[in-house]
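Read the structure below first, then the notes.
Numbering (UniProt numbering), first residue to last: 1 to 156.
Structure (structure tokens):
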């Protein structure tokens with residue numbers, strides 16, 4: 001299988017489209033009040049997965065949730081074996097088929113299905129053909145550095 005294509009992008013220092021820590025100013029500030037005088041409500045936005053997937057060739061972050069990245073990824077071929085010391089990882093297959101290899105068995109994950117990898121469990125995602133997945137994973141993608149490991153994630 002071919003390695004995923006990497007678009008020549010420069011990481012952008014901007015917040016993800018949705019981050020539970022991001023705040024917005026109130027829409028209607030009364031006369032004489034200063035925006036920011038009162039704590040504001042967090043921004044709540046929806047994300048169109050098909051539109052987001054069209055924006056990149058390999059992976060991108062669409063938000064953060066409880067200290068983990070919510071990422072969209074296009075996988076092709078085998079990834080390196082990895083494990084996460086302190087956090088679980090979730091893979092939701094949007095299109096294509098993902099084979100999740102574990103040391104003791106293999107799990108086929110179809111579109112509309114997800115698999116949760118408990119912390120400490122070695123795993124290797126394999127995509128015979130391009131597969132689109134939504135990932136909920138730690139900021140550090142595990143114990144392995146490879147060509148796909150990003151020191152900084154590009155936020156969409």
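Quick reminder that beta carbons are idealized off the backbone N, C-alpha and C, glycines included. What you are looking at is a predicted structure, and each value in this text was computed from that prediction instead of being measured.
- When beta bridges are read from the DSSP output, residue 92 appears opposite 114 and 134.
- Within the DSSP bridge table, the entry for residue 108 names 99 as partners.
- The bridge partners DSSP lists for residue 70 are 63 and 136.
- The Cβ-Cβ distance between residue 132 and residue 55 does not fall below 8 Å.
- The DSSP-derived three-state label of residue 55 is coil.
- Residue state for residue 127 is assigned as strand, using DSSP reduced to three classes.
- Taking all protein chains shown into account, residue 86 has fewer than 16 neighbouring C-beta atoms within 10 Å of its C-beta and is therefore exposed.
- A straight-line Cα-Cα distance of about 43 Å links residue 42 and residue 104.
- In this structure, the CA atom of residue 76 is about 15 Å from the CA atom of residue 91.
- Contact annotation: the segment 57-75 touches the segment 123-130, with at least three C-beta pairs closer than 8 Å.
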